[in-house]
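Below: the structure, in structure tokens.
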Amino acid sequence: MLSHSNDGDGDSVGNLIVVPSSTYPVGSNRTVSGGTIPQNPQTYRYFTEGYGIMNEHQVALGESTCLGVFDSLPGSTGILNIVDLTQIALERSTSALQAIITIGALAEEFGYSDNAESLFITDQNDAYIFHILKSSSSSPSAIWAAQLLPPTDVSTVMNAFIISDLDLTADLYSANLVAEAHKLQPSDTTINFKRTFSGLNEAKCKYSTGRRMWSVLNRLSPGNYSPTYDSYLDNNYPTSFIPNSKVNTSTFSNVMRDYYQNTDYDMSTVPKLSGGPFFSPSRWATDQTVNNQTVCWERPIATFRSIVTLITQSRSFSENGILWFAPHSALTSEYSPFPTSVINIVPPGYSDNSLNRLDRNESAYWAFKFLYNIVEIKSDKMLPDVQKLQDERYSISQQLIQSLDDGSMPVADAETIFNDNAKKIVSEFWELSDYLIMKWADGYCNFDCGDEPKHVGYDDCWLEAIMN
Numbered sequence: 510m511l512s513h514s515n516d517g518d519g520d521s522v523g524n525l526i527v528v529p530s531s532t533y534p535v536g537s538n539r540t541v542s543g544g545t546i547p548q549n550p551q552t553y554r555y556f557t558e559g560y561g562i563m564n565e566h567q568v569a570l571g572e573s574t575c576l577g578v579f580d581s582l583p584g585s586t587g588i589l590n591i592v593d594l595t596q597i598a599l600e601r602s603t604s605a606l607q608a609i610i611t612i613g614a615l616a617e618e619f620g621y622s623d624n625a626e627s628l629f630i631t632d633q634n635d636a637y638i639f640h641i642l643k644s645s646s647s648s649p650s651a652i653w654a655a656q657l658l659p660p661t662d663v664s665t666v667m668n669a670f671i672i673s674d675l676d677l678t679a680d681l682y683s684a685n686l687v688a689e690a691h692k693l694q695p696s697d698t699t700i701n702f703k704r705t706f707s708g709l710n711e712a713k714c715k716y717s718t719g720r721r722m723w724s725v726l727n728r729l730s731p732g733n734y735s736p737t738y739d740s741y742l743d744n745n746y747p748t749s750f751i752p753n754s755k756v757n758t759s760t761f762s763n764v765m766r767d768y769y770q771n772t773d774y775d776m777s778t779v780p781k782l783s784g785g786p787f788f789s790p791s792r793w794a795t796d797q798t799v800n801n802q803t804v805c806w807e808r809p810i811a812t813f814r815s816i817v818t819l820i821t822q823s824r825s826f827s828e829n830g831i832l833w834f835a836p837h838s839a840l841t842s843e844y845s846p847f848p849t850s851v852i853n854i855v856p857p858g859y860s861d862n863s864l865n866r867l868d869r870n871e872s873a874y875w876a877f878k879f880l881y882n883i884v885e886i887k888s889d890k891m892l893p894d895v896q897k898l899q900d901e902r903y904s905i906s907q908q909l910i911q912s913l914d915d916g917s918m919p920v921a922d923a924e925t926i927f928n929d930n931a932k933k934i935v936s937e938f939w940e941l942s943d944y945l946i947m948k949w950a951d952g953y954c955n956f957d958c959g960d961e962p963k964h965v966g967y968d969d970c971w972l973e974a975i976m977n
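Whatever position you read off the sequence shown (first residue = 1), add 509 for the working numbering.
Structure, rendered in structure tokens:
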């Protein structure tokens, strides 16, 4: 199982596409970002949102852009980027190991030209962490390594390499890795991938990477790791760790909705007043400075910057893997499940969204983005209703998966049933935005108030601070 958040800067929309399996004549070529490579005679069906996500054989990928020591080198002759590699991996692989061997070999042969990247690559039995970056050579090449994660462990990547010491007898790596490492660290007797090949992490804002890693560690293994450190490379965060209890899709969705709740870094309350009178966890992107200092808010996992978030389940007991897909921020979206073996096309609300077209009551992306911005009006008052609906829809989705697994759902009807469920989620979240506006309009609580007074007013501490 893995989760992934594709974060951007407001200039992309989240669409889910199913790419069908295909056959090709011998000698065909496949177009990639910088040219062409030989095409496989047979390719597998897979889901993509730009990055490849999961294929019909339950091989799944989760991406995170990192900083590599050679990112700034000009004039690479490589023709493959990370999007190419994720899609090719799913087109050509029936296991996580095969995916790693396939894309590693292609990157070495045809050259990798993108920024440093990390992938989780999973199947029904195994989970690997894969790192890749450009090499120092001007010829087509790539540096990469992959480690098999213990089956007991959880791992987290937040835009920085995490593989430490490489086992050169057990780990997978590119043919040039040892030589490139020795050029950079000639006195080292072992190869620490993170220390050797990382770029300058957190150069602009300290903790923008590590604090998110700490939050995952703190949720799943509390009390064992410090939230502060001198530099990212000096933190003691492990490549993987054993959680205190078993994790599931609910665990992962809660992690994806994390903004440091109930910690010293809770973005609804820290720094003081920054969340406003209604405790918003959002901090908008800014290039502003104060007293010649860059404004550096904490970066949460749950963010308005998310184009999509997703969770995949590769399940050894079933021919159906499950892709849980949620456009925009996980904080106000809901994960819709799509079984890999029965879904050939997803509803237009998930596949045909546009930044310039709202498509009210149909668009999944806009349903959740619209709601996110509605919730900004009174976050502490509105988020409980969002969480209530998330819980209700998650329970219904789990029941559908159970029906598919136990055979009570006719396989011939499964695609329609799961797509109808996805459309129902979209419809109910659009309705929730309208409900919240009516409930909290004009500074009142207008109905369904419980113990809330009619005149909501402001938080006492916030009001006292601005009045003084």
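Glycine is no exception: its CB is placed at the ideal position from the N, C-alpha and C atoms.
- For Gly544, the uninterrupted beta strand (DSSP E) segment begins and ends at Gly544 to Pro547.
- The Cβ neighbour count for Gln899, taken over all protein chains shown within 10 Å, is at least 16; the residue is labelled buried.
- Gln822: not part of any alpha helix (DSSP H); member of the beta strand (DSSP E) spanning Ser815 to Gln822, first to last residue.
- Around the C-beta of Ile816, 16 or more other C-beta atoms lie within 10 Å, and the residue is accordingly described as buried.
- Annotation: the continuous beta strand (DSSP E) that includes Asp516 extends over Leu511 to Asp516.
- In the same chain as Asn744, and ignoring 5 residues on each side of it, the C-beta atoms closer than 7 angstroms to its own belong to Gly719 and Tyr738, in chain order.
- Ranking Phe556, Ser512 and Leu511 by CA distance to the CA of Ser850 puts Phe556 first.
- If you keep only unbroken alpha helix (DSSP H) runs of at least 4 residues inside the region 918-967, you get 920-949.
- In the DSSP assignment, Ala598 falls within the unbroken alpha helix (DSSP H) covering Ile591 to Arg601.
- Note on Ala688: under 16 other CB atoms within 10 angstroms of its CB, so exposed under the neighbour-count rule.
- Approximately 5 angstroms separates the beta-carbon atoms of Tyr637 and Ala605; this is inside 8 angstroms, confirming the contact.
- For the region 674-700, not one full-length beta strand (DSSP E) segment reaches 3 residues or more.
- About 6 angstroms separates the CB atoms of Lys948 and Asp957; that is less than 8 angstroms, so the two are in contact.
- Separation of Asp767 and Ala839 (C-alpha to C-alpha, rounded to the nearest whole angstrom) is 9 angstroms.
- Secondary structure within the region 815-880: the alpha helix (DSSP H) runs of 4 or more consecutive residues, fully enclosed, are 857-860 (chain order).
- Judged by DSSP in its simplified three-state form, Glu618 adopts helix.
- When secondary structure is reduced to three states using DSSP, Asn882 falls in the helix class.
- Approximately 6 angstroms separates the beta-carbon atoms of Arg808 and Arg721; this is inside 8 angstroms, confirming the contact.
- Gly613 and Glu828 have their C-alpha atoms spaced approximately 27 angstroms apart.
- Under the three-state reduction of DSSP, Met976 is assigned to helix.
- If one requires a minimum length of 3 residues, no beta strand (DSSP E) run lies completely within the region 735-791.
- Between Thr821 and Ile562, the C-beta gap is smaller than 8 angstroms, which places the two residues in contact.
- Distance from the CA of Ile934 to the CA of Glu843, rounded to the nearest whole angstrom, comes to 7 angstroms.
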